[in-house]
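Protein chains in written order, with the numbering used here: chain A, 1079 to 1406; chain P, 1079 to 1406.
Heads up, the beta-carbon is just placed ideally off N, CA and C, and yes, glycines get one too.
Remarks on the structure that follows.
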């Protein structure tokens, strides 16, 4: 029998999960839950239902794992503990500083209901976290580096769009190649914010807007841009659509460490991602962990888990025997 | 209380484990067991004993995890099941084709004795296997590539040394940059053996040996060299000592995969290692899994495990709370 998946929230991430489920023959999409009027939402999977969020409780026995595709700012802190009362749930909560609190909330709810909740699944947090953790455990004497990009930052693009005179914008975060190379040479440099990433902005102005003023406002915006070397390009709406409609991303996790009786040997562990679609890749990770949630639940486990708590074999559709034979 | 480690076999790997234990404050090296006369073996850790392998049973209650540092060809297939009767054990068994059989032997022994045995720990098998497995679970529609090097292959160096007229030799396995780049571009090429790696040999001849004949013998050696583009350099003994006494290694695991409703998006996952000392890095991985073995045993688990079966958090000295706060 297939693992029956529900999706709550049908934006870029929800659609990504729908596509990922299609690629995994041991899963099927059962229903999509939306806050919009279901008659206005058209999904890709012909066999799945589209329902109002308010109806989700009726699906309690028809869904094995509910994947929460809302945002981290306001949706997930409320939704994940709430729906963990009814379903095994997975989210991609990515506000790093608030993870301990979110973990505690989901853990309490899931333990009470006897469900599994897996939080902060994706690539960062997610695969990048895993790689930081493995590398730290292996090389205790070393330094960590995470670089993001080249990729579109939704938050930074939004911040530009809020400036008066801006019609639309896309912002790319770009790792500084020289910094990456220094780390790869084993130099363990101390890097400032400015030395790690640059920011490149493509901006469409409203008619009559003052380009110089907009550029100044972007470059001096605290937190978002003022600590970075930022480049601003003004382009037409057609150019933005034609050249910048994708949502690529990626990045690098490195750990440089020393071993030997007198720390005489250097080692570099590097993990990198180059993604055409940030939400689709995130969705693929989530769906693999949905399989894990289903299996952990079958074993009677409950409570909140993160990628650190789950043995890798749970993610794979292959048996332990096949994994040892083919991939070990 | 520290995790008490025993080492069986004191070659490059055993010494590497000794160094790695020193870097982990929650562990201590208790004893080294050797087939040589203990009075002839001098170790680095002042507080540890050096004993005969035949005495190992006396240490049953004084060692928490015994790390087996023998070779995969003849030592480990016998030793790991044998010592799993007395201790929680870890090995770095790396004959990929014989892993299923070795797993079954260790599993039977460890289940009977109520011990944990973790096999095939290191970087390949080990960290490379983990990365192949995670990447396969995340991108089910894709292609895998593993490249090794640049690094010293012990087996190939030994094969050259067995040729008449060769006094000493070192062989480097080198990934073909063009093949790596094609994979990184998302081309999913089908690569022959020759297209993936080249082999570079540094050879010291015996006096009066025929260089042309030795070169021919190397380049045509079946399995080892005949399927590769091989370069042979003849150098002096001093040059070999000066420039080629290290045992560096490393490599790359890549998975290139597609997502999207119509497979329209490409993704690349890449994991790479650049290691000054192959045995010391392998040892670091083993020691992290020794911590996992200790904890799994405390939970009452028994039998044979591989890196696929162990949740990442078990490897780290940090608590779950700290991991979530700092590394997630």
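Counting contacts by CB-CB distance shorter than 8 angstroms, is residue i in contact with chain P?
| i | result |
| --- | --- |
| residue 1321/A | no |
| residue 1390/A | yes |
| residue 1352/A | yes |
| residue 1106/A | no |
| residue 1242/A | no |
| residue 1090/A | no |
| residue 1101/A | yes |
| residue 1239/A | no |
| residue 1207/A | yes |
| residue 1394/A | yes |
| residue 1363/A | yes |
| residue 1122/A | yes |
| residue 1181/A | yes |
| residue 1314/A | no |
| residue 1304/A | no |
Quick check: residue i and residue j, are their CB atoms within less than 8 angstroms of each other?
| i | j | result |
| --- | --- | --- |
| residue 1106/A | residue 1099/A | yes |
| residue 1328/P | residue 1297/P | no |
| residue 1087/P | residue 1164/P | no |
| residue 1234/A | residue 1277/A | yes |
| residue 1229/A | residue 1103/A | no |
| residue 1367/P | residue 1405/P | no |
| residue 1248/P | residue 1180/P | no |
| residue 1084/A | residue 1141/A | yes |
| residue 1201/P | residue 1386/P | no |
| residue 1373/A | residue 1395/A | no |
| residue 1335/P | residue 1144/P | no |
| residue 1112/A | residue 1119/A | yes |
| residue 1403/P | residue 1203/A | no |
| residue 1333/A | residue 1222/A | yes |
| residue 1162/P | residue 1191/P | yes |
Are the C-beta atoms of residue i and some chain A residue less than 8 angstroms apart?
| i | result |
| --- | --- |
| residue 1078/P | Because chain P spans 1079 through 1406 in this model, residue 1078/P falls outside it and cannot be assessed. |
| residue 1230/P | no |
| residue 1216/P | yes |
| residue 1347/P | yes |
| residue 1333/P | no |
| residue 1080/P | no |
| residue 1178/P | yes |
| residue 1219/P | yes |
| residue 1192/P | no |
| residue 1254/P | no |
| residue 1308/P | no |
| residue 1397/P | no |
| residue 1174/P | yes |
| residue 1235/P | no |
| residue 1170/P | no |
| residue 1117/P | no |
For residue i, collect the residues of the same chain with a Cβ closer than 6 angstroms to its Cβ; drop the 5 residues on either side in sequence, then sort them by chain order.
| i | result |
| --- | --- |
| residue 1375/A | 1166, 1194 |
| residue 1231/A | 1249, 1251 |
| residue 1356/P | 1325, 1327 |
| residue 1171/P | 1150, 1154, 1180, 1197, 1198 |
| residue 1269/A | 1257 |
| residue 1302/A | 1234, 1237 |
| residue 1267/A | 1260 |
| residue 1337/P | 1343 |
Since residue i meets chain P, which of its residues come closer than 9 angstroms, beta carbon to beta carbon?
| i | result |
| --- | --- |
| residue 1225/A | Near residue 1225/A there are no residues of chain P at all, since even the closest Cβ is about 14 angstroms away, more than 9 angstroms. |
What residues from chain P crowd round residue i, counting only those whose CB sits closer than 7 angstroms?
| i | result |
| --- | --- |
| residue 1366/A | 1215, 1216 |
| residue 1343/A | 1354, 1355, 1358 |
| residue 1269/A | Neighbours of residue 1269/A on chain P: none; closest Cβ ~18 angstroms, over 7 angstroms. |
In its own chain, which residues sit with a C-beta less than 7 angstroms from the C-beta of residue i, not counting the 5 before and 5 after it?
| i | result |
| --- | --- |
| residue 1209/A | 1331, 1349 |
| residue 1307/A | 1272, 1276 |
| residue 1258/A | 1225, 1330 |
| residue 1189/P | 1380, 1381 |
| residue 1080/A | 1104, 1105, 1106 |
Find the residues of chain A that neighbour residue i, judging by a C-beta separation of less than 7 angstroms, and give them in chain order.
| i | result |
| --- | --- |
| residue 1401/P | 1211, 1386 |
Residue i versus chain P: which residues are under 8 angstroms apart at the beta carbon?
| i | result |
| --- | --- |
| residue 1284/A | Under the 8 angstroms cutoff, chain P gives no residues; its nearest Cβ is about 32 angstroms from residue 1284/A. |
| residue 1203/A | 1406 |
| residue 1098/A | 1337 |
With a CB to CB cut of under 8 angstroms and the five nearest residues on each side skipped, what residues in its chain are close to residue i?
| i | result |
| --- | --- |
| residue 1153/A | 1087, 1146 |
| residue 1291/P | 1243 |
Just by C-beta distance, which residues in the segment 1129-1151 of chain A are closer than 7 angstroms to chain B?
This model lacks chain B altogether; the protein chains it does include are A and P.
Which runs of the beta strand (DSSP E) spanning at least 3 residues fall entirely within the segment 1100-1149 of chain A, listed in chain order?
Counting whole runs of 3 or more residues, the segment 1100-1149 of chain A contains the beta strand (DSSP E) stretches 1105-1112, 1127-1130, 1143-1146.
With a floor of 4 residues, list each alpha helix (DSSP H) that falls wholly inside the segment 1241-1312 of chain A, ordered by position along the chain.
Scanning the segment 1241-1312 of chain A from its first residue to its last, the whole alpha helix (DSSP H) runs of 4-plus residues come out as 1255-1262, 1271-1274, 1289-1297.
At which residue ranges does the segment 1310-1369 of chain A contain complete alpha helix (DSSP H) runs of 4 or more residues, listed in the order of the chain?
List check, alpha helix (DSSP H) in window: 1315-1321.
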